[in-house]
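Colleague: Okay, here's the structure, questions in a sec.
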Amino acid sequence: MNCTFYFYLIVVLYYTFGAVYTTSYEITFNFIPIKKSINMINTNLGNAIYQIVGNILMLVPFGFFISLLYKRARNILVVGCLGFLFSFLIEIIQALLGRVGDVDDLIFNTIGAMIGFIGYKIIFLILKKPFEKYFKVITSEREILKSLFPVALLGLFIVIPINLNNIYSYYRDNSIKVSAIPEIVQKDNYKIVAENKDENNYVEIMSEDNNGNLKISEYIDNGKKRILELVESIITDNISEIYTYRDDEGTFINYFTSFNYDSEIITNIRFYSRCKEGKIVKLESEKDIIEVKIEKPYMIKNIDVSDLKMKDTTKLKIKLEK
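This is the structure in structure tokens:
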């Protein structure tokens, strides 16, 4: 049974650390409880259920095995504290590795450990004699440390090489010299038509081929970068929403909105267009209108809209004034 517990711990370590792909080395930790989970429920219920239930189930075996193997841990508060400490260690290491530590994970992991203790109590009441006969119970703190040290050491020897290999592979496969950017962007008959660089050295290039297809390439201009390309669309992530407008004259307008999760307010609209000069694009919501003047045939523009205090983008519409 000890071996089963050790195997479970190694699986948890591998699952939480063994596939870390990151381009950020900032230490990030979300300290606001439950709010992120509520936002997930409102935006993607399926993913929210997967994350919440998964975090609870992950430490159910931990609570069960701790209660089964360690006599001093047969108390729901003790198991909850141990589950919290184990989860806290995982979250801190994840934050140090460039991922995001989250207080919600701590909460749901701790609940899972306590559910594991309840499961142990129920099964023990049903199968008391077999438990007492076949399972070795560890009673002293020294024995507990001696039993957990090998799995911690083995886990480190497994996790560290895997992460080093993943990080090396990521940058090997996705990093090239900055000087190669124009050649990459302009390959396959694409030519650069617009470029934008912000204060954080984040660069976006709009390019077009002979058939009028548009492509956005983005990278970090720090000597190494990752190229992300998508024809007639803009790369976005799970905290952004994307909108597109086209007409028969070849006009192409694409933008996405970025939110501040703390205030739930739209902070920026990044705007991409292929349109005749002099026209006015109106982004209309129920209460606000944002006007963007087309200054060039091809344009990349970042618009700060935080003062408008907009929260709902579902009714945002694009209108083009001739």
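So the sequence shown is numbered by full-length UniProt numbering: it starts at 1 and just counts up by one. Virtual Cβ for every residue (Gly too), placed ideally from N, Cα, C.
Among the residues of its own chain, which have a CB less than 8 Å from the CB of Ile294, if the five just before and after it don't count?
Modeller: The residue given as residue 294 occupies position 294 in the sequence shown. The residues are Ser273, Cys275, Lys276, Glu277, Gly278, Lys279, Ile280, Val281.
Colleague: Which residue wins for smallest C-alpha separation from residue 332, given the options Lys36, Tyr50, Asn189, Tyr6?
Modeller: Outside the displayed range of the chain (1 to 322) lies residue 332, so it cannot be described from this structure.
Colleague: Could you check whether Val193 and Glu208 sit closer than 8 Å to each other, using their CB atoms as the reference points?
Modeller: Residue mapping note: residue 208 aligns to position 208 of the sequence shown, counting from 1. Residue mapping note: residue 193 aligns to position 193 of the sequence shown, counting from 1. Going by C-beta atoms, Glu208 is nearer than 8 Å to Val193.
Colleague: Inspect the beta-carbon positions of Ile289 and Val305 and report whether they are closer than 8 Å.
Modeller: What you label residue 289 is simply residue 289 of the sequence shown in a count that begins at 1. What you label residue 305 is simply residue 305 of the sequence shown in a count that begins at 1. It is not a contact, given that the beta carbons lie outside the stated cut-off.
Colleague: Kindly confirm or deny that the stretch 51 to 67 and the stretch 99 to 112 touch, where touching means at least three C-beta pairs closer than 8 Å.
Modeller: With a cut-off of 8 Å, the stretch 99 to 112 and the stretch 51 to 67 count as touching, because enough Cβ pairs lie within range.
Colleague: Rounded to whole angstroms, what's the CA-CA distance from Val231 to Met206? Just pull it up for me.
Modeller: For this step, residue 231 is matched to residue 231 along the sequence shown. For this step, residue 206 is matched to residue 206 along the sequence shown. Summary for Val231: the model assigns pLDDT 35, below 50, so the residue's position carries little reliability; its value from the coordinates is reported in the next sentence. The straight-line gap from Cα to Cα measures roughly 10 Å.
Colleague: DSSP state of Thr251, grouped into three classes?
Modeller: Taking the sequence shown and counting its residues from 1, the one referred to as residue 251 is at position 251. Reduced to three states, the DSSP call for Thr251 is coil.
Colleague: By a C-beta neighbour count over all protein chains shown, 10 Å radius and 16 as the cutoff for buried, is Ile122 buried or exposed?
Modeller: Here residue 122 refers to the residue found at position 122 when the sequence shown is read from its first residue. By the 10 Å Cβ count, Ile122 comes out exposed.
Colleague: Please report the distance separating the alpha-carbon of residue 331 from that of Asn47.
Modeller: Nothing about residue 331 can be read from this structure; the chain reaches only from 1 to 322.
Colleague: Helix, strand or coil, according to DSSP, for Tyr21 in the structure here?
Modeller: Counting from one through the sequence shown, the residue named residue 21 turns up at place 21. Caution applies to Tyr21, whose pLDDT of 46 falls short of 50 and renders its modelled position unreliable; the value that the coordinates give is listed next. In the structure shown, Tyr21 sits in coil (DSSP, three-state: anything other than H, G, I, E or B).
Colleague: Tell me, to the nearest whole angstrom, how far the beta carbon of Ile56 is from that of Ile115; I am working on the premise that it is less than 8 Å.
Modeller: On the sequence shown, position 56 is the one that residue 56 refers to. On the sequence shown, position 115 is the one that residue 115 refers to. Confirmed, Cβ separation roughly 7 Å.
Colleague: For the beta strand (DSSP E) that residue 327 lies in, which residues bound it at each end?
Modeller: Coverage of the chain is limited to positions 1 through 322, which leaves residue 327 absent and any answer about it impossible.
Colleague: Between the C-alpha atoms of Ile253 and Asp198, what's the straight-line distance to the nearest angstrom?
Modeller: To locate residue 253, count along the sequence shown from 1; it is residue 253. To locate residue 198, count along the sequence shown from 1; it is residue 198. So the alpha carbons of these two residues sit roughly 20 Å apart.
Colleague: Spatial neighbours of Phe64 within its chain, please: C-beta separation below 6 Å, excluding the five flanking residues on both sides.
Modeller: Here residue 64 corresponds to residue number 64 of the sequence shown, with the count starting at 1. These residues qualify, in order along the chain: Gly116, Gly119, Tyr120.
Colleague: Between which two residues does the alpha helix (DSSP H) holding Leu96 run?
Modeller: For this step, residue 96 is matched to residue 96 along the sequence shown. First-last of the alpha helix (DSSP H) with Leu96: 76 to 96.
Colleague: Look at the Cβ atom of Thr257, then the Cβ atom of Ile269, and state whether they are nearer than 8 Å.
Modeller: Counting from one through the sequence shown, the residue named residue 257 turns up at place 257. Counting from one through the sequence shown, the residue named residue 269 turns up at place 269. Yes, the Cβ-Cβ distance between Thr257 and Ile269 is below 8 Å.
Colleague: So if DSSP puts Gly101 in a beta bridge, which residue, or which two residues, is it bridged to?
Modeller: Position 101 of the sequence shown, counted from the first residue, corresponds to residue 101. Paired residues: Phe29.
Colleague: Is the separation between the beta-carbon of Lys36 and that of Asn30 shorter than 8 Å?
Modeller: Along the sequence shown, one-based indexing puts residue 36 at 36. Along the sequence shown, one-based indexing puts residue 30 at 30. Result yes, Cβ atoms of Lys36 and Asn30 sit closer than 8 Å.
Colleague: Between Val59 and Gly101, which are expected to be in contact by the criterion C-beta below 8 Å, what is the C-beta distance as a whole number of angstroms?
Modeller: Start at 1 with the first residue of the sequence shown, and residue 59 comes out as number 59. Start at 1 with the first residue of the sequence shown, and residue 101 comes out as number 101. Correcting the residue type first, residue 59 is Leu in the shown sequence and not Val. Their Cβ separation, rounded to whole angstroms, is 16 Å, which puts Leu59 and Gly101 out of contact at 8 Å.
Colleague: Compare the beta carbon distance of Leu320 and Thr251 with 8 Å and say whether it is the shorter of the two.
Modeller: Position 320 of the sequence shown, counted from the first residue, corresponds to residue 320. Position 251 of the sequence shown, counted from the first residue, corresponds to residue 251. For Leu320 and Thr251, yes; Cβs fall inside 8 Å.
Colleague: Determine whether the beta carbon atoms of Ile66 and Leu82 lie at a separation below 8 Å.
Modeller: On the sequence shown, position 66 is the one that residue 66 refers to. On the sequence shown, position 82 is the one that residue 82 refers to. Result yes, Cβ atoms of Ile66 and Leu82 sit closer than 8 Å.
Colleague: Label Phe271 either buried or exposed according to how many other C-beta atoms from any shown protein chain fall within 10 Å of its C-beta, with 16 as the threshold for buried.
Modeller: The sequence position of residue 271 within the sequence shown is 271, counting from 1. With 16 or more other Cβ atoms within 10 Å, it is buried.
Colleague: Following the continuous beta strand (DSSP E) through Leu283, name the residue where it begins and the one where it ends.
Modeller: On the sequence shown, position 283 is the one that residue 283 refers to. Where Leu283 is concerned, the enclosing beta strand (DSSP E) stretches over 280 to 284.
Colleague: Around the Cβ of Tyr25, are there at least 16 other Cβ atoms within 10 angstroms (buried) or fewer (exposed)?
Modeller: If you number the sequence shown from 1, residue 25 lands on position 25. Caution is warranted here: a pLDDT of 46 is assigned to Tyr25, below 50, making its placement in the model unreliable, and no coordinate value can be reported.
Colleague: Beta strand (DSSP E) containing Tyr70: first to last residue?
Modeller: Here the question's residue 70 lines up with position 70 in the sequence shown. It is not in any beta strand (DSSP E) - Tyr70 carries neither H nor E in the DSSP assignment.
Colleague: Would you report the Cα separation of Thr244 and Tyr255, rounded to the nearest angstrom?
Modeller: The residue given as residue 244 occupies position 244 in the sequence shown. The residue given as residue 255 occupies position 255 in the sequence shown. Cα to Cα, the separation comes out at about 7 Å.
Colleague: How about Val292 and Ile303: do their beta carbons lie closer than 8 Å?
Modeller: For the purposes of this step, residue 292 is taken as residue 292 along the sequence shown, with counting starting at 1. For the purposes of this step, residue 303 is taken as residue 303 along the sequence shown, with counting starting at 1. It is a contact, given that the beta carbons lie within the stated cut-off.
Colleague: What is the DSSP secondary structure of Ile49, counted as helix, strand or coil?
Modeller: Reading the sequence shown from its first residue, position 49 is the one you call residue 49. Note: Ile49 maps to helix in three-state DSSP.
Colleague: Which residues mark the beginning and the end of the beta strand (DSSP E) in which Ile205 is found?
Modeller: Locating residue 205 in the sequence shown gives position 205, counting from the first residue. That run of the beta strand (DSSP E) goes 202 to 208.
Colleague: With a CB to CB cut of under 8 Å and the five nearest residues on each side skipped, what residues in its chain are close to Val79?
Modeller: To locate residue 79, count along the sequence shown from 1; it is residue 79. Result list for Val79: Gly63, Ile66, Ser67, Ala73, Ala113, Met114, Gly116, Phe117, in chain order.
Colleague: Measuring straight from C-alpha to C-alpha, what distance separates Glu284 and Ile10?
Modeller: The count along the sequence shown starts at 1 and reaches residue 284 at position 284. The count along the sequence shown starts at 1 and reaches residue 10 at position 10. Between Glu284 and Ile10, the C-alpha separation is close to 53 Å.
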